[in-house]
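Sequential numbering from 7 applies to the sequence shown in the working numbering.
Structure first, then comments.
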Amino acid sequence: MVKALILRGPGTNCDVETAHALKTAGANVEDVYIKKLMESPEILKDFNIFVIPGGFTYGDDLGAGKVMAIEIEKFLFDELKRFVDRGGLVLGICNGFQILVKSGILPFLDGKQHLTLTMNTRGMFIDTWIELETSNRCVFLKGIKNISLPVANAEGRVVFMDEEVQEKVVNEGYACLFYRSFDPSDSALHIAGMTDETGRVLGMMPHPERNMFRHSHPEWKRGREGGDGLRIFINAVEYFR
Numbered sequence: 007m008v009k010a011l012i013l014r015g016p017g018t019n020c021d022v023e024t025a026h027a028l029k030t031a032g033a034n035v036e037d038v039y040i041k042k043l044m045e046s047p048e049i050l051k052d053f054n055i056f057v058i059p060g061g062f063t064y065g066d067d068l069g070a071g072k073v074m075a076i077e078i079e080k081f082l083f084d085e086l087k088r089f090v091d092r093g094g095l096v097l098g099i100c101n102g103f104q105i106l107v108k109s110g111i112l113p114f115l116d117g118k119q120h121l122t123l124t125m126n127t128r129g130m131f132i133d134t135w136i137e138l139e140t141s142n143r144c145v146f147l148k149g150i151k152n153i154s155l156p157v158a159n160a161e162g163r164v165v166f167m168d169e170e171v172q173e174k175v176v177n178e179g180y181a182c183l184f185y186r187s188f189d190p191s192d193s194a195l196h197i198a199g200m201t202d203e204t205g206r207v208l209g210m211m212p213h214p215e216r217n218m219f220r221h222s223h224p225e226w227k228r229g230r231e232g233g234d235g236l237r238i239f240i241n242a243v244e245y246f247r
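Quick look at the structure:
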């Protein structure tokens with residue numbers, strides 16, 4: 007059985023939907039609180055997939071995802087790196103993406119922060135459905151060319167700290183998910199998601215767990231069927247079969 011760990015902390019609020027998505031895809035799911043994992047990081051050895059779901063961890067004090075990113079950097083980074091090196095998959099959704107970036111897991115898994123996710127240029131929380139295009143370099147996005155998902159964030163704008171990092175991220179395929187007709191955050195190069203060198207780590211601002219069924223999409227009565235998000239979780243589970 008493929009086993010997935012969902013990381014929880016103060017302010018996590020998308021864990022139930024994410025667990026349901028993974029179970030629907032065929033995984034055995036366990037949620038683990040951040041303090042427990044910090045005390046016993048070896049728990050990760052029992053899992054195939056590690057997921058940081060959306061939310062507002064620690065109230066987004068110090069910036070979205072920053073406090074949990076510090077905890078991961080100080081107490082869990084080495085174990086997470088070993089987890090990826092063993093072939094494990096890591097998924098960070100919305101707040102989870104912010105945490106992966108600010109803890110130095112993405113894009114280079116080197117423990118250094120090379121970019122950030124900051125306030126949308128509109129200066130407000132944006133909750134809407136968007137169209138995305140992908141590259142297939144990432145395990146989670148295998149076979150997916152275009153996808154429709156909702157976003158819900160105030161700090162989703164990708165900003166690079168220098169041009170050299172930006173060029174590497176784009177030219178070497180780390181950027182793997184892009185906004186198409188509408189970029190709600192005005193991200194650099196319209197980036198909505200990013201992977202690592204292995205293609206086994208994915209951070210993304212949109213919420214795949216919110217588009218799981220035929221009727222999930224707001225235009226389903228017009229013939230636009232939903233369910234795009236489920237494919238991401240199925241790809242993760244089937245990777246181990």
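Cβ coordinates follow ideal geometry from the N, Cα and C atoms, glycine included.
Bear in mind that the values here come from a model prediction, so they are computed numbers and not experimental data.
- Message: What does the Cβ neighbour count give for residue 39, buried or exposed, with the cut at 16 atoms within 10 Å?
- Response: As a working note, residue 39 is residue 33 in the sequence shown. Exposed, because fewer than 16 other Cβ atoms sit within 10 Å of the Cβ of residue 39.
- Query: With burial defined as no fewer than 16 other Cβ atoms inside 10 Å of the residue's Cβ, what is the status of residue 22: buried or exposed?
  - Reply: Position 16 of the sequence shown, counting from 1, holds the residue named residue 22. The residue is exposed, with fewer than 16 neighbouring Cβ atoms inside 10 Å.
- What are the residues that DSSP puts in a beta bridge with residue 113? Taking the sequence shown and counting its residues from 1, one reaches residue 113 at position 107. None; residue 113 has no bridge partner.
- Proximity winner among 158, 32, 57 and 152, relative to residue 182 (alpha-carbon distances): In the sequence shown, residue 182 corresponds to position 176, counting from 1. That would be 152, whose Cα lies nearest to the Cα of residue 182.
- Which stretch, first to last residue, makes up the alpha helix (DSSP H) that contains residue 14? Position 8 of the sequence shown holds residue 14. Looking at the DSSP string, residue 14 is not in any alpha helix (DSSP H); the run it does join, the beta strand (DSSP E), is 9-14.
- Does the distance from the CB of residue 210 to the CB of residue 103 come in under 8 Å? Residue mapping note: residue 210 aligns to position 204 of the sequence shown, counting from 1. Residue mapping note: residue 103 aligns to position 97 of the sequence shown, counting from 1. Taking 8 Å as the Cβ cut-off, residue 210 and residue 103 qualify as a contacting pair.
- Message: Less than 8 Å between the C-beta atoms of residue 235 and residue 216, yes or no?
- Response: The sequence position of residue 235 within the sequence shown is 229, counting from 1. The sequence position of residue 216 within the sequence shown is 210, counting from 1. In contact: residue 235 and residue 216 (Cβ atoms closer than 8 Å).
- Item | Start and end residues, beta strand (DSSP E) containing residue 140 | Taking the sequence shown and counting its residues from 1, one reaches residue 140 at position 134. Where residue 140 is concerned, the enclosing beta strand (DSSP E) stretches over 132-140.
- Query: DSSP state of residue 211, grouped into three classes?
  - Reply: On the sequence shown, position 205 is the one that residue 211 refers to. Coil, per DSSP.
- Buried or exposed: residue 65, going by 16 or more other Cβ atoms within 10 Å of its Cβ? Here residue 65 corresponds to residue number 59 of the sequence shown, with the count starting at 1. Per the 10 Å Cβ criterion, exposed.
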